[in-house]
Structures are given as C-alpha cells and as structure tokens.
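Taking our numbering, I'd label the letters of the sequence shown as residues 37 to 630.
Input: a single structure, listed below in structure tokens.
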Amino acid sequence: MIDATPSSEVLPLYLSLSSPQAVRFLALIREGRGLKPSARIAGIGKEAGYRFLRERYLQLRRSGSDPAAALTVVGVTSSRVASWEARLNLDGRHHLRVELSVEERFWSAFHAGASVEDAAVESGLGRATGYRLLRRRFDELREGSSVASAAVTLRMSGKRADLLERERQSRIRRDQNAATAALRKALAASARVAELSLTTTRRGRKARGVEDEYWQLMRQGMSNTDACRLLGMSRRSGTLVRQRAGYRFPPASPIEPASSGRYLALRERLQIADLRRLGLSIRQISVRLGRHPSTISRELRRHRTGSGDYLPHLADDDARRQRARPKPHRLVADAALRRLVQRKLNRFWSPEEISGWLRKTYPTDAAMRVCHETIYRALLLREDAGLHKRYTGKLRTGRRVRRTRWNNPIGRGSRIRNMASITERPADAADKQTAGHWEGDLIVGVGSVSAMAALRERTTHYGIVLNLPNDHTARSVNAAITEAFAALPKHLKRSLTWDQGVEMAAHEQLTATTGVPVFFADRSSPWQRGANENFNGLLRQYFPKGTNLAIHSPSHVTTVMNDLNNRPRKRLDYDTPTQRFNAEKRRITALQLP
Numbered sequence: 037m038i039d040a041t042p043s044s045e046v047l048p049l050y051l052s053l054s055s056p057q058a059v060r061f062l063a064l065i066r067e068g069r070g071l072k073p074s075a076r077i078a079g080i081g082k083e084a085g086y087r088f089l090r091e092r093y094l095q096l097r098r099s100g101s102d103p104a105a106a107l108t109v110v111g112v113t114s115s116r117v118a119s120w121e122a123r124l125n126l127d128g129r130h131h132l133r134v135e136l137s138v139e140e141r142f143w144s145a146f147h148a149g150a151s152v153e154d155a156a157v158e159s160g161l162g163r164a165t166g167y168r169l170l171r172r173r174f175d176e177l178r179e180g181s182s183v184a185s186a187a188v189t190l191r192m193s194g195k196r197a198d199l200l201e202r203e204r205q206s207r208i209r210r211d212q213n214a215a216t217a218a219l220r221k222a223l224a225a226s227a228r229v230a231e232l233s234l235t236t237t238r239r240g241r242k243a244r245g246v247e248d249e250y251w252q253l254m255r256q257g258m259s260n261t262d263a264c265r266l267l268g269m270s271r272r273s274g275t276l277v278r279q280r281a282g283y284r285f286p287p288a289s290p291i292e293p294a295s296s297g298r299y300l301a302l303r304e305r306l307q308i309a310d311l312r313r314l315g316l317s318i319r320q321i322s323v324r325l326g327r328h329p330s331t332i333s334r335e336l337r338r339h340r341t342g343s344g345d346y347l348p349h350l351a352d353d354d355a356r357r358q359r360a361r362p363k364p365h366r367l368v369a370d371a372a373l374r375r376l377v378q379r380k381l382n383r384f385w386s387p388e389e390i391s392g393w394l395r396k397t398y399p400t401d402a403a404m405r406v407c408h409e410t411i412y413r414a415l416l417l418r419e420d421a422g423l424h425k426r427y428t429g430k431l432r433t434g435r436r437v438r439r440t441r442w443n444n445p446i447g448r449g450s451r452i453r454n455m456a457s458i459t460e461r462p463a464d465a466a467d468k469q470t471a472g473h474w475e476g477d478l479i480v481g482v483g484s485v486s487a488m489a490a491l492r493e494r495t496t497h498y499g500i501v502l503n504l505p506n507d508h509t510a511r512s513v514n515a516a517i518t519e520a521f522a523a524l525p526k527h528l529k530r531s532l533t534w535d536q537g538v539e540m541a542a543h544e545q546l547t548a549t550t551g552v553p554v555f556f557a558d559r560s561s562p563w564q565r566g567a568n569e570n571f572n573g574l575l576r577q578y579f580p581k582g583t584n585l586a587i588h589s590p591s592h593v594t595t596v597m598n599d600l601n602n603r604p605r606k607r608l609d610y611d612t613p614t615q616r617f618n619a620e621k622r623r624i625t626a627l628q629l630p
C-alpha cells in the first residue's frame with residue numbers, strides 16, 4: 037500500500053492518471069515543486085509519484101510528442117527516462133492475461149460455430165477463461181450496440197445477455213460510486229492540501245526559529261555581534277537577516293494573514309487552484325470558499341499564465357504588487373519639492389515641521405505636499421528615495437538608519453534646600469493655556485566647564501538661550517536668568533520649572549530678584565519638562581555634545597535662538613514661536629497676576 041492521503045484514507049496500490057491524487061501531484065510538479073514535497077501534499081508515496089510521471093510521459097509519447105516535448109509538459113527531468121522509453125512499445129497487458137495469438141484462436145473457433153467450452157478447449161484455455169473473454173467482448177459490443185444486437189453477435193440466449201447486462205451495469209455503478217467517493221474525499225481534503233502547501237520543511241522551520249531568536253535578542257538591546265555569538269552564527273549571517281528585513285524590526289509574531297473579507301489570501305488561492313484541477317465549476321468553488329462567483333471568476337481571469345494555467349503563488353505575488361500600486365517616490369518625481377525640502381533640512385527643520393509648513397504655506401497646491409514619514413523614509417531607509425544620505429546629519433539624532441528607542445539609564449539628582457515640588461505649581465501651568473510659565477535646563481560643553489542655559493515658555497514654545505562660557509555655578513545662572521527676565525512684561529513671568537541640578541541651588545535668591553517662583557521636577561523625570569527637553573534637542577543640532585560651548589559668540593547664540601524661534605511648530609498649528617510670543621506680549625489681560 038502507498039502513503040495515506042491528507043484525510044488518512046488508505047489508497048489502492050494503483051491510481052489512474054484521472055484520480056484526484058494524480059491530478060494534484062502532476063499539477064504541483066508543473067508548478068515547480070520537487071518530487072517529495074509534491075507527493076507529501078498529494079498524499080501519496082514517492083514511488084507512486086514516479087509511476088504517475090511515467091504514465092503521463094508514456095501517454096504523451098504515444099500521442100505523438102517527442103521526448104523533449106513530453107518532458108517539458110510533465111515538468112520534470114529524471115534519470116528514469118531511459119527506462120520509461122523502454123516501456124513505450126509494450127501494450128500494457130497484465131502478465132496474467134491471455135496471449136493475443138491464443139485469444140485470436142479462441143475467437144476464430146467461436147465464430148466458426150464452436151461453443152464457448154469447445155473454443156476454449158481448442159485454443160488451450162480453461163472454461164472460466166473462455167467465459168471471461170465472452171463477457172469482455174459483450175462489454176465492448178455494448179459500447180455501440182443494444183443488448184439484443186450483442187446477444188445475436190455472440191450467439192447467446194436472452195437470459196444470459198440480461199445477466200451480463202446486469203453485471204455490467206453493476207460494475208459501472210461501482211466505478212462511478214468509487215470515483216464519486218474519491219472526489220468527495222479529495223474535496224474534503226482541499227483545505228488540508230492548502231495547509232500542507234504553506235507548511236515549510238524541517239530545515240526551513242529551524243532557520244525561521246533561529247531568525248526569531250535573533251530578533252528577540254535584538255529587541256532586548258543586544259548588538260549584532262553579541263546576538264550572533266549567542267546563537268552560534270556569524271556576524272555576516274546576522275547582517276543578512278537584518279538586510280532581508282529592510283533594517284527594521286519585523287512583527288513580533290509573524291503569521292500568515294487571514295482573509296480580510298475583501299482580499300483573497302494565499303490559502304484560498306491554493307484551494308481555488310486545487311478545486312479547479314479537480315474539475316469543479318466556478319460556482320461550486322465559490323460555494324466551498326464562501327466567496328461570490330464573480331470573485332473566483334476575476335481571480336482566474338486576471339492571474340492566468342500565457343499557457344492558461346492558474347498558479348496560486350504567482351497569483352498571490354501579483355495581487356500584492358497590484359494592491360500596493362507602486363509609484364515613484366514623491367521626492368524623486370518632483371524636483372522642485374525635493375529642493376525645497378533640502379533647503380529646510382539644511383536649516384535643521386524637522387521633517388514634521390517641513391510637512392506642516394508646506395500645508396500651511398501652500399494650502400491649495402496639492403503638488404507641494406509631502407508627509408513627514410515620506411521624508412524620514414527617504415533619509416533613513418536604504419533605498420533611493422530622492423534625498424541624499426548626507427541630510428541625515430541635519431536630523432536631531434544624526435542617525436543614518438532607524439533604530440528602536442531604548443530607555444535611558446536612571447540618573448541621580450541633586451538635593452536642594454527648600455525646593456517646591458512641581459506638584460505645587462499653579463494649575464494653569466499644566467494646561468498650557470496661560471502664557472508665562474517657563475521651563476529651564478542646562479546643556480553642558482566638553483569637560484563640564486562651559487554651558488548654556490535653555491529656557492522655554494510652555495504655551496508659545498518661545499525659547500531663550502543664555503551663554504555661560506566660563507562656568508555654570510548658581511551665581512552665574514541666576515545672573516543670566518535675571519537679565520533675561522528683566523526684559524519681559526510681568527504677565528509673562530509666572531513660574532519657572534527646573535530639574536534638581538546644583539546650578540539652581542540659589543533659587544530662593546532668584547525668586548526674590550525676579551519675582552518668579554521656581555518649582556522642581558522629580559528626579560529622573562524629564563517628561564515633566566517636555567517642552568524644555570525638546571528645546572535642548574533642537575539646540576544640540578547647533579551645539580553638539582562633546583564640543584566647547586565657550587567658542588560661540590553672543591551674536592551667534594542669538595542668531596541660533598532666533599532661527600529656532602522662527603521655525604514652525606506643529607503644536608502651534610505651524611505658526612512660529614516668535615509670532616505667538618509677540619502676540620502674548622501685546623495682549624492685555626484682565627487676570628489677576630500673582
């Protein structure tokens with residue numbers, strides 16, 4: 037017996053080329069699958085697969101095809117072709133059948149007037165063999181004549197003719213029932229066949245498991261070298277894994293996408309191909325898949341090859357490409373837009389600021405629109421998307437490839453006497469509806485000698501940069517802030533929030549001088565001063581870490597401050613901080629100021 041089908045039903049030893057298993061196996065071979073995978077999916081053994089290939093090859097050769105054409109149609113090249121050719125001139129008769137010459141003597145004696153028994157004795161056959169030959173000849177005559185005509189030709193009584201006819205009809209019904217049962221089992225196994233077609237080999241599953249472990253280690257923060265060392269693979273292999281993923285983290289649990297209800301999934305396409313091979317109509321396939329007949333009809337019409345075949349994997353790839361509707365990158369196709377984006381990047385504008393500014397500056401010109409993600413992808417992905425990679429240095433991070441965000445280590449703050457917590461800050465400071473609430477911090481130069489104090493107003497996002505070239509002691513910081521606040525109206529000096537740095541140790545003196553209460557954020561909680569942390573990041577584009585901040589002149593620092601305050605902000609509906617801050621300075625408020 038051969039292997040079991042996907043439904044675990046045992047098949048007979050010999051299967052004809054018209055059987056569902058043969059149809060599936062030969063179709064999978066034509067699609068380019070190997071012998072073993074095709075046999076596994078079709079539910080047969082390897083030798084049964086070879087037998088199907090041999091019978092199909094001989095069928096084509098006997099119909100007039102040459103060896104090369106027959107192998108092309110079969111879709112396989114085998115070392116067994118020579119042995120197949122040796123079978124070409126054989127008639128395929130079973131070894132227990134009567135020789136043709138003996139059979140001819142039997143029929144000559146019978147047509148000469150001898151009875152079945154006498155003709156069998158004369159030709160050297162047994163009585164049962166003679167009647168078996170008579171029954172076979174009756175079946176052949178019945179293909180083109182009536183029962184009565186066959187009975188007259190074979191000189192048999194009406195009673196015997198009726199008996200042979202009943203046996204013939206019984207065999208026909210039995211064969212039809214067997215074929216129907218085989219087709220029913222094949223249809224029931226169609227979903228399982230599609231599942232087997234999607235299943236990878238043991239080697240493929242092992243490789244996929246190693247890749248999953250590699251990405252898991254990378255998500256934990258390991259480098260490529262460390263992850264490869266733990267998994268026993270070379271660094272080059274790890275680089276290839278990341279390259280195949282486009283240098284981006286894949287989904288944590290990749291799965292075969294199920295049908296969305298709108299698009300056909302690969303599993304459904306595999307079933308369509310399988311059911312179509314088994315002879316089902318489009319409507320029958322649609323009923324089994326729960327799809328509209330038009331969906332099946334369009335699928336078969338759109339993805340048919342030049343030879344008229346429907347290949348499910350190729351159809352799925354074509355459908356994905358058509359669904360994506362590939363088109364040139366926006367910044368590649370539009371040179372004017374690309375030049376404008378490059379000018380703004382040279383001024384250290386972020387992609388989101390550029391995108392928002394374009395929408396506000398060109399509200400009716402759809403050609404002057406670009407999503408900020410398009411700019412990021414053009415800069416950070418390894419593909420030609422219109423922007424040179426040198427512009428990545430204009431981004432705040434300065435990175436050339438995308439990375440995940442890692443948590444920063446928790447630092448230790450400083451202890452300051454009599455400090456007021458951020459929780460005691462006025463309520464109107466939290467909603468950012470009232471101007472005059474400031475946040476501040478230091479950015480420090482190389483050697484922690486030179487520094488700059490960065491102040492940012494929470495409502496208008498207006499920033500003030502104070503240069504501290506010599507030191508950043510509490511005395512120097514207080515003097516610089518006092519000088520900056522002296523030029524502001526009273527309603528724009530409501531509060532100042534700082535971290536717990538030692539430079540604010542004399543906060544009580546600062547409050548007494550300026551009238552601005554100072555509140556302190558919790559330790560290791562930079563998100564409590566989000567506006568200020570954002571402003572620090574913008575400053576670092578002009579004053580990178582590890583550089584001497586004392587070399588910058590006051591005029592240069594003022595130029596940078598003005599440049600930052602004249603950049604559009606998304607939170608301000610792409611107005612500039614200078615516009616909003618000047619409006620607040622001119623605004624007459626009736627609120628009772630503290």
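Idealized CB from N, CA, C, for every residue including glycine.
Residue i in three-state terms, based on DSSP
| i | result |
| --- | --- |
| G573 | helix |
| A542 | coil |
| M258 | coil |
| D477 | strand |
| W120 | helix |
| F521 | helix |
| A294 | Any reading at A294 must be qualified, since the residue scores a pLDDT of 44, below 50, and its modelled position is unreliable; no value is offered. |
| R327 | coil |
| D211 | helix |
| R565 | helix |
| Y346 | strand |
With 16 other Cβ atoms within 10 Å as the buried cut-off, status of residue i
| i | result |
| --- | --- |
| A75 | buried |
| E91 | buried |
| S633 | In the structure as shown, the chain starts at 37 and stops at 630, and residue 633 therefore has no counterpart that could be examined. |
| W385 | buried |
| H543 | buried |
| D352 | buried |
| Q307 | buried |
| T397 | exposed |
| H328 | exposed |
| D507 | exposed |
| W474 | buried |
| R623 | exposed |
Given residue i as reference, the closest of the options once Cα atoms are compared
| i | options | result |
| --- | --- | --- |
| Q378 | L415, D401 and L546 | L415 |
| L200 | R220, L546 and V183 | V183 |
| V596 | P604, Y578 and L608 | Y578 |
| S391 | P604, K529 and A122 | P604 |
| R312 | D599, V59 and G582 | V59 |
| S54 | W563, H147, E83 and Q212 | Q212 |
| I77 | F88, Y86, Q57 and R66 | Q57 |
| V552 | A522, N570 and R383 | A522 |
| N125 | S99, S531 and S159 | S99 |
| A122 | Y93, E135, D401 and L64 | Y93 |
Residue i to residue j span [Cα, whole Å]
| i | j | result |
| --- | --- | --- |
| R69 | Y250 | 29 Å |
| V538 | G573 | 21 Å |
| L585 | P505 | 6 Å |
| I458 | L524 | 23 Å |
| F61 | V246 | 32 Å |
| S317 | L336 | 12 Å |
| A567 | Q279 | 37 Å |
| D310 | V110 | 18 Å |
| L423 | M404 | 16 Å |
| N443 | V513 | Because the pLDDT at N443 is just 40, under 50, the model does not fix this residue reliably, and the point stays unresolved. |
| A619 | N602 | 14 Å |
| L532 | W393 | 30 Å |
Enclosing alpha helix (DSSP H) for residue i [first to last residue]
| i | result |
| --- | --- |
| F146 | L136 to H147 |
| S531 | Here S531 belongs to no alpha helix (DSSP H); instead the beta strand (DSSP E) covers S531 to W534. |
| F88 | K82 to R98 |
| F174 | R163 to R178 |
| L416 | H408 to L416 |
| V157 | V152 to S159 |
| N382 | A371 to N382 |
| S74 | L71 to A78 |
Span of the beta strand (DSSP E) around residue i
| i | result |
| --- | --- |
| M455 | M455 -> no beta strand (DSSP E), and no H or E assigned at all. |
| I500 | G499 to L504 |
| M33 | Residue 33 falls outside the range modelled here, since the chain spans only 37 to 630, and no answer is possible. |
| F555 | V554 to F556 |
Residue-level contact to chain D via CB, residue i, 9 Å cutoff
| i | result |
| --- | --- |
| V480 | Annotation note: the requested chain D is absent from the structure, which comprises a single protein chain. |
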